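Scroll down for the structure; my scribbles are underneath it.
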Amino acid sequence: MALTPLKLARAEDSSKALVLGRVSDDPKAQYEPTKALLDYVVARMGNVGIREGRILMARDALQMASYLRRGRVDWVAETAGGAMLLQRRAGAEPFLISDRNGVRRYHTVYFARRDGDVKSIDDLRGHRIAFQNRTSTSAYFIPSMEILDRGMPMEILGSPFDPPVSNSVGYVFARTERNIATWVHKGLVDVGAVSNLDWTNPTHVPEFFKSDFVVLRESAEVPRGVEVVRKDLDPVVRARLREVLLAMKDDPAAVGLLDRFHLSMRFYDLDERDRRDLKRLRKGIATIGVEIE
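In short: position in the sequence shown from 1, add 13, done, that's this note's numbering.
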């Protein structure tokens with residue numbers, strides 16, 4: 014949903030406004046920190062004609078892709094999976110990596126009950142796995158990619174109580190990491206997939222569950238956050254946006270601002286490893302789109 018009074022940029026004044034997009038199911042909570050970041054950036058882009066900033070929230074990646082295709086959004090802060098989805102659906106271009114709370118890269122942890130039948134993700138055929146939601150990098154895209162790469166077909170289940178067919182992997186969406194852990198602990202599903210950050214967060218995976226769990230596998234890492242811009246953004250504006258964001262980590266005013274809003278974001282150029290990992294993720298998301306969505 015779009016937040017008023019931050020209206021969409023009109024064609025006649027689009028050169029004077031920078032529109033930052035966020036995908037969020039809680040736009041009110043995201044508004045203040047997003048505005049703090051945008052205000053800082055806009056104040057340093059007057060030399061390329063940017064006079065104001067606007068925020069456009071979307072309920073999901075599909076809506077944000079539509080905004081990008083129509084030129085309604087200039088820059089989107091996303092996860093790696095979300096960024097690759099926007100690139101695939103709207104031609105968005107990754108141009109910086111962002112860390113979150115000091116974490117630049119993360120990965121998926123697969124876990125099961127220690128006394129369960131599944132001892133490896135290769136044993137998943139005929140069993141159930143819980144993911145978070147359809148746009149989670151670590152708790153949907155990465156595990157789905159890896160399961161499909163092992164030649165196991167996947168089918169969505171109506172609930173964790175539904176059995177999958179014998180030759181496929183049944184998956185369900187639990188919505189939260191806590192639910193994933195709970196469903197595995199109660200035996201409603203055989204395996205859960207969460208990020209390593211969630212695995213070590215006792216609010217998401219309680220410590221008293223872990224004595225009953227075993228880690229089956231940890232995936233390769235991917236970037237934690239990726240900044241994308243629309244493909245036809247003015248190159249002069251794009252170049253200045255990059256300069257401002259990269260300089261933030263060395264500006265005490267910016268560090269204090271971001272930390273005050275609990276953003277703790279720092280921006281970096283993509284290196285060769287980042288590009289390779291994003292290419293792998295983009296290919297996997299395309300496969301997911303063809304085979305199970």
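The beta-carbon is built from N, C-alpha and C at its ideal position, and this holds for glycine as well.
Predicted, not measured: the structure shown is a model, and the values here were computed from it.
In angstroms with no decimal places, state the Cα-to-Cα distance between L210 and V235. Their backbone Cα atoms lie some 13 Å apart in a straight line.
For R126, list the residues DSSP reports as bridge partners. Paired residues: F226.
Pull up the distance between the alpha-carbon of Y123 and that of M165, whole angstroms please. Straight-line spacing of the CA atoms in Y123 and M165 works out to 16 Å.
Test item: CB-CB of I110 and L283 under 8 Å: Contact flag set, yes.
With a CB to CB cut of under 7 Å and the five nearest residues on each side skipped, what residues in its chain are close to V227? If we look at V227 and ignore the five residues flanking it on each side, its Cβ neighbours are F124, A125 and R127.
Across the stretch 155-162 and the stretch 186-202, are there enough close Cβ pairs to call them in contact, namely three or more that are closer than 8 Å? Per the Cβ contact rule, the stretch 155-162 is not in contact with the stretch 186-202 (fewer than 3 Cβ pairs under 8 Å).
Applying the 10 Å Cβ sphere with the 16-neighbour rule, what's the burial state of P18? Here the model assigns P18 a pLDDT of 38, short of 50, so the residue's position is not dependable, and the following value carries that caveat. By the 16-neighbour rule on beta-carbons within 10 angstroms, P18 is exposed.
DSSP state of E360, grouped into three classes? Given that the chain is displayed from residue 14 to residue 306, the structure contains no residue 360 and the question cannot be resolved.
Thinking C-beta only, is R113 closer than 8 Å to E237? Checking the sequence, you will find Arg at residue 237 rather than Glu. By the CB criterion at 8 Å, R237 and R113 fall inside the cutoff.
Residue range of the unbroken beta strand (DSSP E) whose run includes L69: According to the DSSP assignment, L69 belongs to the beta strand (DSSP E) that extends over E65 to A71.
Endpoints, alpha helix (DSSP H) assigned at R253: Looking at the DSSP string, the run of the alpha helix (DSSP H) that includes R253 is P248 to A260.
Any idea what DSSP makes of V303, helix, strand or coil? In the three-state scheme derived from DSSP, where H, G and I count as helix and E and B as strand, V303 is classed as helix.
Where T195 falls: helix, strand or coil (DSSP): DSSP places T195 in helix when its eight states are reduced to three.
For A143, which option in S179, R118, E190 and S133 has the closest C-alpha, if you only look at C-alpha atoms? Checking every option, the nearest Cα to that of A143 belongs to E190.
Under three-state DSSP, which class holds D290? Here D290 sits in helix by DSSP.
Applying the 10 Å Cβ sphere with the 16-neighbour rule, what's the burial state of R141? Using a 10 angstroms sphere on the CB of R141, the tally of other CB atoms reaches 16 or more, which defines it as buried.
Does any residue of chain B have a CB that is nearer than 8 Å to the CB of Y80? Checking the listed chains, one finds no chain B in this structure; it contains a single protein chain.
On the three-pair Cβ rule with 8 Å, is the stretch 96-107 touching the stretch 258-268? Result no; under three Cβ-Cβ pairs closer than 8 Å.
Comparing alpha-carbon positions, which option in R230, A299, P265 and V257 lies nearest I63? The shortest C-alpha separation from I63 is found at V257.
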